[in-house]
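Before any comments, here is the structure.
In this note's numbering, the protein residues as written are 10 to 189.
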């Protein structure tokens, strides 16, 4: 598996970009998974549900399963956050894992940057950012990123990811090769 990060500040459009990027990559024959890092406590479970009650009763893990999907909820109970590699180890084999968030990880990343948000760019301080997707041309951003891509040109971004990760062509579905 190869890892490629999509990073940027909240509200920049990371999730929206992934929603548009995933179908293009998948249509090209790639098997793609996503790791979404949350910066706060979150819960996919609901009070009153059996799985919630099992967790409240002290279960270390609860696997909620149906024929359509399954989710493993693992209670951390104050333990240190797992490493990126530990999270990725839970995935089934795939060609590419897109990592949303995880700003500080040492993986190639594309920064989604919107100057209108008033946040400074991340690329000047992160050598792992290999490209920036923005809604403004690079000349408007002040400093020069490693590679600028139009945030609205999902096709070009998909091509960039495939080429950067040496995965094959998402347009033709050419055979992929993947190793972590």
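Note that CB positions come from ideal geometry on N, CA and C, so glycine has one too.
Find out if the Cβ-Cβ distance for the pair residue i, residue j is shorter than 8 angstroms.
i           : j           : result
residue 39  : residue 176 : yes
residue 27  : residue 160 : no
residue 82  : residue 62  : no
residue 17  : residue 158 : no
residue 145 : residue 124 : yes
residue 15  : residue 121 : yes
residue 57  : residue 126 : no
residue 69  : residue 84  : yes
According to DSSP, is residue i part of a helix, a strand, or is it coil?
i           : result
residue 188 : Legend: pLDDT at residue 188 = 31, less than 50; position of this residue unreliable, value from coordinates given subsequently. Coil.
residue 128 : coil
residue 63  : helix
residue 53  : coil
residue 182 : Residue placement at residue 182 is flagged as unreliable, the pLDDT there being 48, under the threshold of 50; the coordinate-derived value follows with that caveat. In the structure shown, residue 182 sits in coil (DSSP, three-state: anything other than H, G, I, E or B).
residue 168 : helix
residue 134 : helix
residue 30  : helix
residue 9   : One cannot answer for residue 9 here, as it falls past the ends of the chain, which runs 10 to 189.
Answer yes or no: the CB of residue i versus the heavy atoms of the ligand NAP, is any distance below 7 angstroms?
i          : result
residue 50 : No copy of the ligand NAP occurs in the structure displayed, which carries no ligand at all.
Check each candidate in the options and name the one with the smallest Cα separation from residue i.
i           : options              : result
residue 33  : 163, 130 and 172     : 163
residue 22  : 89, 156 and 143      : 143
residue 60  : 79, 43 and 49        : 79
residue 42  : 155, 101, 15 and 95  : 101
residue 45  : 153, 93, 135 and 166 : 93
residue 165 : 141, 87 and 122      : 141
Excluding the 5 residues preceding and the 5 following residue i in the sequence, name in chain order all residues of the same chain whose CB lies nearer than 8 angstroms to its CB.
i          : result
residue 13 : 105, 106, 107, 108, 116, 117, 118, 119, 170, 173 and 174
residue 99 : 81
Going by beta carbon distance, what residues of the same chain come within less than 6 angstroms of residue i, once the five residues before and after it are set aside?
i           : result
residue 110 : 46
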